[in-house]
Amino acid sequence: MAETTTQLKYFKEKHIAYIKDLGEKTDELEYWLSEHLRMNGLYWGLTALALMGSVDTLDRADVIAYVKSCQHTSSGGFGASPSHDAHLLSTLSALQILVILDAVDTVDEAGILRYVRGLQDSTSGAIYGDSYGESDTRFVYIAFQILSILGELNSNHPQFSVEKSVDFIMACANLDGGFGMVPGAESHAAQIFTALGALTISNQMHRVDKDLLSWWLCERQLPCGGLNGRPEKLPDVCYSWWVVSSLAMLGRVHWIDGAKLTEFILEAQDEEAGGIADRKGDQTDVFHTLFGTAGLSLLGYEGLEEINPVYCLPNSVMHRVRQPPATN
Amino acid sequence: MIRHGVKRVRTTAEQLALKKKREAIKITEYRGLVDRVNASRAQGCYNLAALDLTTQLLTWNPEYYTIWNYRREIFTEGLFPTLPDLSSSDLATKLDSVQAVLDADLHFIEARLKQSPKCYWIWNHRKWCLGRSPQPNWAREMKLVGMILEYDERNYHGWEYRRYVVRQHEAALIKALDSQSELDAMVKIDQIKSNLLRTEFAYTTKKINKNFSNFSAWHNRAKLMPQLLSNQTSIALSRKKQDEQVTVDPRFSLVHDPLAFLRAEIEFIRQAIFTDPDDQSAWLYHRWLITSPRAICSGPAANLPGALPLLPLGSTLMTHDEEIDMVKCEIESIGELYDYEPDSKWCIYGLIFFNVYLVKTLEGQRAVDFTAEFQEDIRSKLHKLIELDPLRAGQYRDWESSIFSN
Numbered sequence: 208m209a210e211t212t213t214q215l216k217y218f219k220e221k222h223i224a225y226i227k228d229l230g231e232k233t234d235e236l237e238y239w240l241s242e243h244l245r246m247n248g249l250y251w252g253l254t255a256l257a258l259m260g261s262v263d264t265l266d267r268a269d270v271i272a273y274v275k276s277c278q279h280t281s282s283g284g285f286g287a288s289p290s291h292d293a294h295l296l297s298t299l300s301a302l303q304i305l306v307i308l309d310a311v312d313t314v315d316e317a318g319i320l321r322y323v324r325g326l327q328d329s330t331s332g333a334i335y336g337d338s339y340g341e342s343d344t345r346f347v348y349i350a351f352q353i354l355s356i357l358g359e360l361n362s363n364h365p366q367f368s369v370e371k372s373v374d375f376i377m378a379c380a381n382l383d384g385g386f387g388m389v390p391g392a393e394s395h396a397a398q399i400f401t402a403l404g405a406l407t408i409s410n411q412m413h414r415v416d417k418d419l420l421s422w423w424l425c426e427r428q429l430p431c432g433g434l435n436g437r438p439e440k441l442p443d444v445c446y447s448w449w450v451v452s453s454l455a456m457l458g459r460v461h462w463i464d465g466a467k468l469t470e471f472i473l474e475a476q477d478e479e480a481g482g483i484a485d486r487k488g489d490q491t492d493v494f495h496t497l498f499g500t501a502g503l504s505l506l507g508y509e510g511l512e513e514i515n516p517v518y519c520l521p522n523s524v525m526h527r528v529r530q531p532p533a534t535n
Numbered sequence: 007m008i009r010h011g012v013k014r015v016r017t018t019a020e021q022l023a024l025k026k027k028r029e030a031i032k033i034t035e036y037r038g039l040v041d042r043v044n045a046s047r048a049q050g051c052y053n054l055a056a057l058d059l060t061t062q063l064l065t066w067n068p069e070y071y072t073i074w075n076y077r078r079e080i081f082t083e084g085l086f087p088t089l090p091d092l093s094s095s096d097l098a099t100k101l102d103s104v105q106a107v108l109d110a111d112l113h114f115i116e117a118r119l120k121q122s123p124k125c126y127w128i129w130n131h132r133k134w135c136l137g138r139s140p141q142p143n144w145a146r147e148m149k150l151v152g153m154i155l156e157y158d159e160r161n162y163h164g165w166e167y168r169r170y171v172v173r174q175h176e177a178a179l180i181k182a183l184d185s186q187s188e189l190d191a192m193v194k195i196d197q198i199k200s201n202l203l204r205t206e207f208a209y210t211t212k213k214i215n216k217n218f219s220n221f222s223a224w225h226n227r228a229k230l231m232p233q234l235l236s237n238q239t240s241i242a243l244s245r246k247k248q249d250e251q252v253t254v255d256p257r258f259s260l261v262h263d264p265l266a267f268l269r270a271e272i273e274f275i276r277q278a279i280f281t282d283p284d285d286q287s288a289w290l291y292h293r294w295l296i297t298s299p300r301a302i303c304s305g306p307a308a309n310l311p312g313a314l315p316l317l318p319l320g321s322t323l324m325t326h327d328e329e330i331d332m333v334k335c336e337i338e339s340i341g342e343l344y345d346y347e348p349d350s351k352w353c354i355y356g357l358i359f360f361n362v363y364l365v366k367t368l369e370g371q372r373a374v375d376f377t378a379e380f381q382e383d384i385r386s387k388l389h390k391l392i393e394l395d396p397l398r399a400g401q402y403r404d405w406e407s408s409i410f411s412n
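Chains A and B supply the protein sequences, listed in that same order.
Once you know that position 321 of the first sequence is 528 in my numbering, the rest is easy, because the numbers rise by one and skip nothing.
Once you know that position 331 of the second sequence is 337 in my numbering, the rest is easy, because the numbers rise by one and skip nothing.
Here you go:
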């Protein structure tokens, strides 16, 4: 049984260099085609660097200036890039970046609160992604995390009902104990992460069928060690985060084989150019570099900072979250 | 920034230089287009020329959400208000024009969806257009989503879109109802729901028969079943043997007898399990089916005239003894499969799960009451599971301690 394959390691220096270079690839078309993800990309890169103990790789003042340049004065939300419209997805990334850099007070906090509270549907408790009204469990998680970071997750705010949004999440529960993106939708590991994150932040985890859901989650692990996001789908490094963080919130990380998953993630690295891909042999990107690294961190990989499974922020900065959930 | 399934290729310095040279031209072109669109928006242009610019940019990059927003602004700020007859009282002409404009956009979106079937923004924009259509064509939408699910039977967005279309179609039919009285309206609404429910239920049967591993279809079936079994029209049709759709799905003849329906469904899932005992989709659904009979058949929501109540309101579907018998029958059936497939992890899992469910949950035994024989059987099966499925050994160890604690 003690079959040790080639001793794979985490290529920290390569990954740091890879992330550092990402902001300079303006001569690649991909750089311009992905402007709508710039804020998320910056958060993914910075968080990965923070887990590697290397936040200083990116110039703090530059990053803060960029984030500030993306806040819309009228709505209070952030766009992905300066000329892009505000959206909750980029607003959370912006705030997470500022938490890591301890610079939340450099932006208009009241504006962020106004933006987030304005996106709740007062009847269903659903949260919209932006003023055009796409609703999804992801956005409840984002709203709760933002309010929690800013210390404003009060259950009885006149413009925001935590209870109603929790009810919306519970309306998304399914036969397998998991959650879909909206009521009626199939369970999906990434949506489960957001649902459990929202329920943890709002101290409502007792409403989850933990055994049933953990069973579904641990069945995501395939013989190759990697995890998929739904039954009968291919494995992908990003589920190392969505599934394992969910198991962490349920206290069941040991329900999967961490050693085999570690191997699967490490194999997806580009040992020459740095970065992690969705699977071995594929092209790397900053998204999988973060979620692979974060997965390794959850599994206790040596040499990486600890990640918080609820906020996807390094534990070392969690004291900056003004209203963290009560720990069980 | 997010890539899936793109093979890594090593390039030489020369290849890279060539690629960059080619890309430089594209970058200039792309950035030029982005600048033109942004300038157009900054100037408050909401005309057809602006729409054309967004068409060009979104064809190139459908992920650019800001441009979808601008496109919607062009409709609401520019195109709709300036349509002919705005000032006249000819509302019908005006609505036709709005519909024509939106139909053109739906056509554009359809092409984008075929190019990027997993892009949230495109689906979102389609819903926006339909939400503003004076005469949305839901049959056309069903056909479109049918095609998308034909191409990829698990497309997450596709299934969600299908449920959305059904909901919207139902709402539109209800809105168009011409009812004599409140009671008449209730009956007609129930009939509308019945039609849609049965069509959708039969669709899941079709998808599952094609591929037992289609968990998206099992999932949808689980959502539809409780609604179908409490729908008065479906119950009445089933009782009177007047349901023409029985030819599509024989299950519809059993809607008035939920116990028989449940038994038929158990038989169906058994087929799936016996065909491929390693198919987790079937086992997930199976566990839900056996452990949730009360949630599945809670009886009719309300009594409608003409339809006799299925069960007295508030009564339970199954007696406690019947439920125990059902679980025992499942244990026996999995046991038969286990004789043929002694190394099937799912069979062993099922045997442990249902045995424990039977004695602890249904019969209320405490672990101290377990017979020595039962204990030994469960423990040896758990140990075999750990051997057969070491990835999940942690789960099985936790399970062992929880089974044997009171």
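Glycine residues also receive a C-beta, built at the ideal position from the N, C-alpha and C atoms.
Model, not experiment: these values are computed from the prediction.
Check whether residue i and residue j have beta carbons under 8 angstroms apart
i	j	result
L357/A	L320/A	yes
L230/B	T210/B	yes
L454/A	S421/A	yes
Y71/B	R47/B	no
V444/A	F498/A	yes
S244/B	S200/B	no
V493/A	W251/A	yes
T401/A	R345/A	yes
I354/B	L295/B	no
L520/A	Y217/A	no
T491/A	A484/A	yes
V372/A	G332/A	Reading off the sequence shown, one finds Ser at residue 372/A, where the question assumed Val. Cβ distance < 8 angstroms, so S372/A and G332/A count as in contact.
G482/A	Y225/A	yes
T281/B	F218/B	yes
N381/A	H225/B	yes
P516/A	S355/A	no
L394/B	E406/B	no
P142/B	L136/B	yes
I330/B	L364/B	yes
Q401/B	C425/A	yes
Bridge partners - residue i, DSSP secondary structure assignment
i	result
K13/B	D489/A
S342/A	Y335/A
I542/A	Look at the range of chain A in this structure, 208 to 535, and you will see that residue 542/A is not part of it.
F410/B	Answer is none; F410/B lacks a bridge partner.
F367/A	H364/A
A484/A	T491/A
G286/A	A293/A
A380/A	F386/A
Q278/A	F285/A
Q327/A	I334/A
Q476/A	I483/A
beta-carbon residue i near the ligand PLP non-hydrogen atom, thresh 7 angstroms
i	result
I31/B	Judged by which ligands are present, the structure shown has none, so any question about the ligand PLP falls away.
CB-CB length for residue i against residue j, believed under 8 angstroms
i	j	result
A350/A	I376/A	Not really, about 11 angstroms apart at Cβ, beyond 8 angstroms.
D292/A	G286/A	5 angstroms
I302/B	P348/B	The Cβ separation is near 32 angstroms, so there is no contact.
E20/B	L236/A	Wrong, their Cβ atoms sit about 19 angstroms apart, outside the cutoff.
D228/A	R14/B	That pair is no contact at about 16 angstroms.
C-beta neighbour in chain D for residue i, strict 8 angstroms
i	result
P438/A	Considering every chain present, this structure includes no chain D. Its protein chains are A and B.
Within 9 angstroms of chain A by C-beta, residues of the segment 219 to 234 of chain B in sequence order: S219, N220, F221, S222, W224, H225, N226, A228 and K229
Every unbroken beta strand (DSSP E) inside the segment 140 to 206 of chain B [3 residues or more]: none
Residues in the segment 243 to 264 of chain A having any Cβ partner in chain B nearer than 9 angstroms: H243, L244, R245, N247, G248 and W251
Contacting positions in the segment 18 to 40 of chain B - beta carbon closer than 8 angstroms to chain A: K26, E29, A30, K32, I33, Y36, R37 and V40
Interface positions of the segment 385 to 399 of chain B facing chain A (Cβ-Cβ less than 8 angstroms), listed along the chain: P396, L397, R398 and A399
Alpha helix (DSSP H) segments (min. 4 residues) lying fully within the segment 100 to 140 of chain B: 126 to 137
Against chain B: residues of the segment 224 to 236 of chain A by CB proximity under 9 angstroms: L229, T233, D234, E235 and L236
Complete runs of the alpha helix (DSSP H) confined to the segment 411 to 461 of chain A [at least 4 residues]: 417 to 425 and 446 to 456
Every unbroken alpha helix (DSSP H) inside the segment 224 to 312 of chain B [4 residues or more]: 238 to 245, 264 to 281, 286 to 297 and 299 to 302
Residues from the segment 317 to 348 of chain A in contact with chain B, defined by Cβ distance under 9 angstroms: G336, D337, S338, Y339, G340, E341 and D343
Selection of the segment 390 to 416 of chain A by Cβ proximity to chain B, strictly under 8 angstroms: G391, A392, E393, S394 and H395
Near-chain B residues of the segment 287 to 306 of chain A - C-beta to any C-beta below 7 angstroms: S290, H291, D292 and H294
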